[in-house]
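A.B. asks:
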Amino acid sequence: MISLAKRREPASAETATHRQEAAQLVAYLHECAMAGIARRACIVHLARLSADRMRPHHLRLARAALEPLAVADRARLFTLPNRNIVVIWRGRADSAVAASRTAIEHLFADGDEVISPGPLWEDIDLPAALDRLLLVAEQSIGPKPASVPMPGSGQAFDAVTLQALELLLVRADVARFVRRHPVFIRTTSGGFRKAWERRMLSIDELAESLAPEHAPKSNNWLFLRLTRTLDRRMLALLSAPGELAGAGPFAINLNVASILSPSFLRFDEALPAGLRGRVTIDLQPADVLADPAAFLFARDFARTRGYRLMLCDVCADVLPVVPLDRLGLDLLWLRWSPDCLTEAFAALVADPARLVLGDADTNEAVAWGTSVGITLFQGRAAAET
Amino acid sequence: MGAGVGKEFTDLAQGSGAPAAALLVHEAVLRLRRAPAGRVALVLHLSRLVPPAPRPYHVRIARALLQDTAARHEGQVFTLGNQDMVLLCAASASPGGALGLRNTLATDPLALPAILLRLLRADMKPAGALVSLWPLDDAGDELAAYTRARLREAELMPAPTQDRMSPHNVRTKVKAMTMEEDFAGQTGLACAVGQVVDQSTIADLLQRQTAIAFGPGIYPRDIPGDGPRDIPGDGPRDIPGDGPGALHPIFTEVSFSIAALEARLAGEERGYVGGVAADPFLFRHLASRLDERMLKELSQDRRPDGGGGMLDALVSGGRASPARALSPGESPGPALHLNLAVPAILSEAFARLAIICTRREIRVGVEISLLEAMVDLAAFERARRVLADHGMVLVLDGVSHVAMQIVRPWALRPDLLKLDWSPRLLDLPGQDAAILEAAIAQTDPARVVLHRAETEAALRWGVARGIRRFQGRHVDAMLSASRLVACAHAGDCSLRQCVERAASMSTAGRIGCRNLALLDRGTPEPAIIPHLGSGVVAPRVSA
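As you go down the protein sequences, you meet chains X and W in turn.
Under this note's numbering, think of the first position of the first sequence as 1, with each following residue one higher.
Under this note's numbering, think of the first position of the second sequence as 1, with each following residue one higher.
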């Protein structure tokens with residue numbers, strides 16, 4: 001057992017390295033696509049070989065066979081978890097490509113017979129065949145889990161479970177699941193000052209408490225439906241006498257349908273005069289598109305009543321689809337990720353004064369946000385400064 | 001919002017039924033006209049909104065805003081049987097009127113019309129004022145005439161909702177309106193409908209509809225730019241009749257039929273699918289369950305050559321390109337388009353279906369709704385690449401003109417984008433129309449399919465904007481008309497029967513047709529619709 005474990009350890013570490021390389025390849029391809037500069041690439045499909053020709057030394061030899069391509073302009077080599085190898089470079093490198101192809105041809109020749117490298121070697125033009133290469137990279141990583149299951153979860157979250165959970169929520173005390181996440185604004189002295197706090201229900205904790213056998217996030221649609229139920233409870237909580245006495249500016253996450261519900265009218269009536277104009281409503285992109293006409297109505301109604309509106313949970317890949325001005329919203333909460341680091345993405349950040357950089361847990365995130373002109377941050381790095 | 005001075009009175013008016021409400025407001029107007037100085041009447045004509053508006057939230061929010069003003073201006077709010085609202089109040093705020101109100105925003109009655117117009121502009125008709133503001137001392141006669149007319153209507157129509165609904169639709173619409181507000185009931189209904197979906201024969205819950213293109217260029221591979229990919233079986237060839245008026249079926253979409261599900265539920269008195277559809281998330285959940293079942297059926301190998309069963313039914317009669325050489329001049333049949341959820345595309349069942357379709361040279365397109373794409377964009381991107389790898393066309397479905405104005409769906413890089421037609425497109429305000437036209441130009445009109453094209457006006461609107469691909473009931477009628485012209489058994493059928501049989505996926509739904517090959521092909525080749533550019537696209541389905 002011990003020896004087996006020892007033998008597996010390096011393989012596992014190697015796979016992890018290759019997964020990292022695959023992720024780097026995906027990021028690099030996105031960068032190439034945004035830059036729009038033509039590149040060439042080749043895929044060496046070692047995964048198509050039989051198991052006896054996919055041993056570690058085969059991989060090392062294949063990499064060596066590709067060395068002629070290293071002289072090509074900006075050449076980069078990626079080894080994927082399924083042992084396929086991708087090389088990307090700029091400009092023409094015909095002689096290097098020919099040399100590498102020949103070397104691969106001979107390397108995997110069957111006995112005296114030289115096999116055709118056709119199935120093993122694939123030429124790619126970028127950005128035209130970007131999708132093909134992205135697919136190869138992602139397939140090598142394997143399927144991504146649809147959602148992160150909750151501890152102890154496992155059973156399907158279906159409409160029957162949702163109905164039961166909705167009934168439970170009618171009477172459940174949800175106050176203990178409320179969490180507050182501050183949003184900070186960068187001050188002129190370089191520090192941070194709290195601008196407002198986002199008040200939200202921790203759905204993971206709530207579901208763990210009320211329906212520990214189920215994972216609501218495993219079903220996108222029923223989960224979104226559940227958030228409407230939670231909106232009602234949250235609004236009822238905030239409408240309770242004295243609940244908002246002395247409160248500072250805050251934000252709540254609501255569905256469009258919830259803004260148009262009687263619960264919101266009751267909350268609006270209970271809102272202390274001092275908070276009027278200092279409350280932000282966070283909306284989800286998918287919810288906005290669920291009923292665009294209702295969204296326009298809700299947006300204008302909320303504005304009439306003095307609320308600010310923020311599109312939240314926007315990832316780097318969503319930003320090009322949801323222009324803030326077209327949506328007519330005040331703020332956008334952008335989730336930090338390394339995907340934000342490209343110059344092309346920075347160019348998409350049209351109005352940084354209206355962005356909140358979320359998940360800013362690292363100095364790198366704050367530095368990037370500051371560099372593009374963002375002044376509002378949510379995350380550990382902002383809080384700790 | 002604050003409790004209005006006239007709250008009790010207003011509730012009485014609402015609860016007493018439409019004739020009583022009309023009578024109360026009429027009497028109140030007569031009373032106020034004796035001392036009209038400084039009093040105004042604001043009438044919000046919600047009855048003039050474009051259906052399905054006013055929706056319950058329109059009524060609720062509008063009423064709340066009027067109540068707020070009533071509270072500060074010694075006013076009363078009345079809701080009439082036709083859903084119009086009447087606010088009678090003082091023009092200037094009364095200090096006493098605001099007592100007891102903690103935080104309401106002061107809303108001057110003179111400022112209310114602008115606020116209401118801004119809120120309701122998306123659902124307004126182009127003609128007819130939505131808000132009337134009548135000072136009682138100047139315009140008391142107009143107000144009295146208005147309330148008299150409502151009183152007369154109320155006396156003539158004991159069931160107030162019938163003025164906007166045919167008796168046939170009343171029950172369904174009232175039920176749907178109720179369900180839109182019945183939050184808990186919606187989930188219960190989703191459970192019941194889900195059970196019916198699971199227990200039904202899948203073909204009985206599906207429908208099909210063929211989309212067409214005018215003129216040469218029949219599928220995305222013909223579109224210049226970076227998107228088109230080679231579609232198996234769609235090689236270049238000369239197609240007779242590729243003139244400007246030529247009509248080509250390009251794909252047949254198989255989709256979930258709400259009407260069929262309604263029909264199955266009706267006998268069981270479990271409610272209406274409209275109730276589930278009132279919540280977009282529950283509806284998508286239901287649709288995704290159906291997708292899973294359809295995909296499972298389609299991906300089952302039942303014959304040695306692959307496919308079989310439901311897939312055979314979908315591609316029979318040349319609906320999708322058969323695995324045989326096409327004779328010169330013969331065009332491939334329309335491609336098969338499936339509505340699928342993103343997780344279904346990423347599943348093993350889909351990979352199996354893709355292999356079967358490749359082997360049998362069946363051209364397949366996959367339609368993903370914009371909402372589905374937005375709920376998990378990373379998964380959508382993976383699905384897009386899977387489809388591209390299989391040479392399948394990606395269609396972004398369910399894009400309303402409002403969505404087209406507020407987001408950039410073309411940034412999702414679909415091969416085709418289905419823009420939902422709405423009669424509202426004919427009279428969009430200038431700025432909205434300009435935004436929409438710019439959005440179509442950015443998408444590229446060659447990639448747009450005008451969906452739900454129910455009328456000739458829809459086709460004209462699309463053609464004027466460079467759109468050449470259409471799908472909808474008017475297109476169904478055009479295709480049926482071209483079949484009836486060519487069919488030897490046309491004398492046995494009406495246009496409507498031909499339309500309905502073409503839409504049906506079940507054997508029972510096609511009974512009566514004696515030329516199933518032509519029915520499945522969509523149209524004889526080539527179908528020429530004359531005078532498209534300048535004139536009329538003719539056929540209409542008689543009721």
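A virtual CB, placed ideally from N, CA and C, is assigned to each residue, including glycine.
Please report how far the alpha carbon of W/A477 lies from the alpha carbon of X/P292, in whole angstroms.
C.D. replies: The alpha-carbon atoms of W/A477 and X/P292 are separated by roughly 30 Å.
A.B. asks: Going by alpha carbons, who is nearest to W/Q471 out of W/H248, W/D492 and W/A260?
C.D. replies: Of the listed residues, the one whose Cα sits closest to W/Q471 is W/H248.
A.B. asks: Answer with buried or exposed for W/D291, where buried requires no fewer than 16 other C-beta atoms within 10 angstroms of its C-beta.
C.D. replies: Looking at its Cβ environment, which holds 16 or more other Cβ atoms inside 10 Å, W/D291 is buried.
A.B. asks: What beta strand (DSSP E) runs, 3 residues minimum, are completely inside the stretch 221–294 of chain X?
C.D. replies: If we require 3 residues or more, the beta strand (DSSP E) runs fully inside the stretch 221–294 of chain X come out as 250–253 and 279–283.
A.B. asks: Would X/R354 pass as a contact of W/D279 if the rule is Cβ separation under 9 Å?
C.D. replies: For X/R354 and W/D279, no; Cβs fall outside 9 Å.
A.B. asks: Keeping to the same chain, check which residues put their C-beta closer than 8 Å to that of W/L23; ignore five residues upstream and five downstream.
C.D. replies: These residues qualify, in order along the chain: L151 and A154.
A.B. asks: Taking the alpha-carbon of W/G38 as reference, which of W/A433, W/L133, W/R413 and W/G398 has the nearest alpha-carbon?
C.D. replies: Nearest C-alpha to W/G38: W/L133.
A.B. asks: Given that W/M374 touches chain X, what residues does it touch there, using C-beta distances under 7 Å?
C.D. replies: Neighbours of W/M374 on chain X, chain order: P285, A286 and L289.
A.B. asks: How is W/L101 classed by DSSP in three states: helix, strand or coil?
C.D. replies: Note on W/L101: pLDDT 48, under 50, position unreliable in the model; no value is reported.
A.B. asks: Pop quiz: W/H285 and W/A190 are said to be a contact at Cβ under 8 Å. What is the actual Cβ separation, rounded to whole angstroms?
C.D. replies: Sure, about 7 Å apart at Cβ, within 8 Å.
A.B. asks: Quick one: residues in its chain with C-beta nearer than 6 Å to the C-beta of W/P36, no 5 flanking neighbours on either side, listed in chain order?
C.D. replies: Here the set comprises L136, D137 and G140.
A.B. asks: In chain X, which residues lie with their C-beta within 9 Å of the C-beta of W/H45?
C.D. replies: By Cβ distance, chain X contributes nothing, its closest Cβ being about 17 Å from W/H45, past 9 Å.
A.B. asks: Of all the options X/G242, X/A251 and X/P241, which has the alpha carbon lying nearest to the alpha carbon of X/W196?
C.D. replies: Residue X/A251 is the option with its Cα nearest to X/W196.
A.B. asks: Report yes if the C-beta distance between W/V364 and W/L338 is below 9 Å; otherwise report no.
C.D. replies: The answer is yes: Cβ separation under 9 Å.
A.B. asks: On the criterion of 16 or more Cβ atoms from any shown chain inside 10 Å, does W/S494 qualify as buried, or is it exposed?
C.D. replies: Under this definition W/S494 is an exposed residue.
A.B. asks: Is the separation between the beta-carbon of W/R468 and that of W/A213 shorter than 9 Å?
C.D. replies: In this structure, W/A213 lies closer than 9 Å to W/R468 by Cβ.
A.B. asks: Would you say the stretch 350–367 of chain W touches the stretch 384–393 of chain W, given that touching needs at least three Cβ pairs under 8 Å?
C.D. replies: With a cut-off of 8 Å, the stretch 384–393 of chain W and the stretch 350–367 of chain W count as touching, because enough Cβ pairs lie within range.
A.B. asks: For X/L265 and chain W, any beta-carbon pair shorter than 9 Å?
C.D. replies: Closer than 9 Å to some Cβ of chain W, the Cβ of X/L265 qualifies, so yes.
A.B. asks: Do W/D415 and W/R382 come within 9 Å of each other at the CB atom, strictly closer than that value?
C.D. replies: Going by C-beta atoms, W/R382 is not nearer than 9 Å to W/D415.
A.B. asks: Going by the CB atoms, is the gap between X/P285 and X/V321 shorter than 9 Å?
C.D. replies: The answer is yes: Cβ separation under 9 Å.
A.B. asks: If we count the other Cβ atoms within 10 Å of its Cβ and call it buried at 16 or more, is W/G75 buried or exposed?
C.D. replies: Label assigned to W/G75: buried.
A.B. asks: Identify the continuous beta strand (DSSP E) that holds W/G333 and give its terminal residues.
C.D. replies: From DSSP, W/G333 is part of no beta strand (DSSP E); its letter is neither H nor E.
A.B. asks: Determine the chain W residues that contact X/Q163 at a beta-carbon separation under 9 Å, and present them in chain order.
C.D. replies: In chain order: A184, T187, G188, A190 and C191.
A.B. asks: In whole angstroms, what separates the C-alpha of X/D317 from that of W/A378?
C.D. replies: Each residue's alpha carbon lies about 8 Å from the other.
A.B. asks: State the Cα-Cα distance for the pair X/R101 and X/I88, rounded to the nearest angstrom.
C.D. replies: Whole-angstrom Cα-Cα distance: 15 Å.
A.B. asks: Applying a beta-carbon distance threshold of less than 8 Å, which residues of chain W neighbour X/A294?
C.D. replies: Those are R55 and Y57, listed as they occur along chain W.
A.B. asks: Taking a contact to mean a Cβ-Cβ separation below 9 Å, would you say X/L135 touches W/A388 in this structure?
C.D. replies: Yes.
A.B. asks: Given 8 Å as the limit, is there contact between the stretch 420–431 of chain W and the stretch 400–407 of chain W, that is, 3 or more CB pairs closer than that?
C.D. replies: In short, these stretches touch, since the Cβ pair count reaches three.
A.B. asks: W/L119 CB to nearest chain X CB: under 9 Å?
C.D. replies: It does: the Cβ of W/L119 has a partner Cβ on chain X nearer than 9 Å.
A.B. asks: Return yes when the Cβ of W/A70 is within less than 9 Å of the Cβ of W/L87, no when it is not.
C.D. replies: Yes; because the gap between Cβ atoms is below 9 Å, this pair is in contact.
A.B. asks: Where does the unbroken alpha helix (DSSP H) through W/R60 begin, and where does it stop?
C.D. replies: Run containing W/R60: P56 to R72, per the alpha helix (DSSP H) assignment.
A.B. asks: Measure the C-alpha to C-alpha separation of X/F78 and X/A159 and round it to an integer number of angstroms.
C.D. replies: Cα to Cα, X/F78 sits roughly 44 Å from X/A159.
A.B. asks: Is the Cβ of X/P249 closer than 9 Å to any Cβ of chain W?
C.D. replies: Closer than 9 Å: no.
A.B. asks: When we look at the beta-carbon of X/V148 and count the other beta-carbons within 10 Å, is it buried (16 or more) or exposed?
C.D. replies: With a pLDDT of 34 at X/V148, under the threshold of 50, the modelled position of this residue cannot be trusted; read the value that follows with caution. Exposed.
A.B. asks: Within the 9 Å Cβ cut-off, does X/V322 reach chain W?
C.D. replies: So, interface residue.
A.B. asks: List the residues that DSSP assigns as beta-bridge partners of W/V402.
C.D. replies: Per DSSP, none; premise fails for W/V402.
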